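To start, the structure itself, in structure tokens.
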Amino acid sequence: MLAEERRVRILRRVSEYGAARVADLAELFKVSEMTIRRDLDALAERGALDKVHGGATSRASRTEEPGFAAKSARQQAEKDAIARAAVELITPGSSIGISAGTTTWTLARQLTGIPDLTVVTNSIQIADVFHAAPAPNTSVVLTGGVRTPSDALVGPVAVAALSQLHVDLVFLGVHGIDPDAGFTTPNILEAETDRAMISAARRLIVLADHTKWRTVGLSTIARLDQADVLISDDALPADALDTLGEQVGDLVIATASS
């Protein structure tokens, strides 16, 4: 297969699925990972896709909502570090809310060894994590609702379910963080559902990597000063450190593995 033909097929696959990993593409096309990286470099130079750590994602507006697969390929080392820091806030026997998102999904994957949890979530993907590897005596409550491209369940059914519940902590994933707009999402119904989850919790912990800084989604979920804790990674820029250090209750910086 000629390089250009392979690149056309790579682009078609990334466009179809929203994202692709280098290792998966190398196996699919029976070439080395180095060859795939050169292909992705060439496609990124043309503006056909965006290179991310370990793969590539399709191009989308900053206010559009990418699918779960597209987001899960981004900043994985940072998400792992953030999740490890978040786990330290959870004790056996806690009741926790976990909003939809790939960073919160990464957290969920690290919680399956903590016993006696009650987990409330509006994420199909997160519920699946606990179904596949249930922790001892863990209960999972999955809200109903309308499914979004990122596999969140949102809307009046989800809001009604959350309004009847009470949890110790809520872990919130966000699309963007901005000094003026606060914590945002591109989905209006998801913002409403996230606000209901925040109202059900005693404390709000926001999980967001450095790329979310100064990204603004369509709808505000919460102000910066509503976050009791914000956990991000060590690539957060200096202006973000200053602003967030003043606004949020506690700013935790996790060190991502290289």
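So the sequence shown is residues 1 to 258, counted in the numbering used here.
Don't be surprised by glycine CBs; every beta carbon is placed ideally from N, CA and C.
Here the structure is a predicted model, which is why all the values come from computation and not from measurement.
- Per the Cβ contact rule, the region 121 to 130 is in contact with the region 97 to 109 (3 or more Cβ pairs under 8 Å).
- Taken atom to atom, the span from the alpha-carbon of A227 to that of A3 is near 49 Å.
- DSSP, read as helix, strand or coil, puts G217 in coil.
- By the Cβ neighbour-count rule, Q164 is exposed, with fewer than 16 other Cβ atoms within 10 Å of its own.
- The region 104 to 148 is shown to contain whole beta strand (DSSP E) runs of 3 or more residues at 118 to 121 and 139 to 142, in chain order.
- When DSSP states are grouped into helix, strand and coil, A191 belongs to the helix group.
- The C-beta of M197 has 16 or more other C-beta atoms within 10 Å across all chains shown, which makes the residue buried.
- Sorting I221, D209, L43 and I96 by C-alpha distance to the C-alpha of A181 places I221 at the top.
- Bounds of the alpha helix (DSSP H) holding L43 are E33 to E45.
- Relative to V52, the option among E27, V170 and E78 whose CA is nearest is E78.
- Judged by DSSP secondary structure, A56 falls within the beta strand (DSSP E) whose first and last residues are G55 to T57.
- The beta carbon of R223 sits closer than 7 Å to those of G182, all from its chain and outside the five residues before and after it, given in chain order.
- D234 and H166 have their C-alpha atoms spaced approximately 32 Å apart.
- By the C-beta criterion, the region 208 to 219 is judged to be in contact with the region 234 to 245, since at least 3 inter-stretch pairs fall below 8 Å.
- Following the DSSP letters along the chain, one finds G245 in no beta strand (DSSP E) but inside the alpha helix (DSSP H) bounded by residues A238 to Q247.
- In the same chain as T255, and ignoring 5 residues on each side of it, the C-beta atoms closer than 7 Å to its own belong to A81 and D234, in chain order.
- In this structure R202 is exposed. Its beta-carbon is surrounded by fewer than 16 other beta-carbon atoms within 10 angstroms.
- When A132, M1 and V146 are compared, the shortest CA-CA separation from T35 is found for M1.
- In the DSSP assignment, T185 forms a beta bridge with S219.
- By a beta-carbon distance limit of 8 Å, G54 contacts Q76. Their separation comes to about 6 Å.
- For D151, the CB contacts under 7 Å within the same chain, skipping 5 residues up- and downstream, are F68, A100, S123, I124 and Q125 in chain order.
- Straight across, the Cα-Cα distance linking R13 with H131 is about 29 Å.
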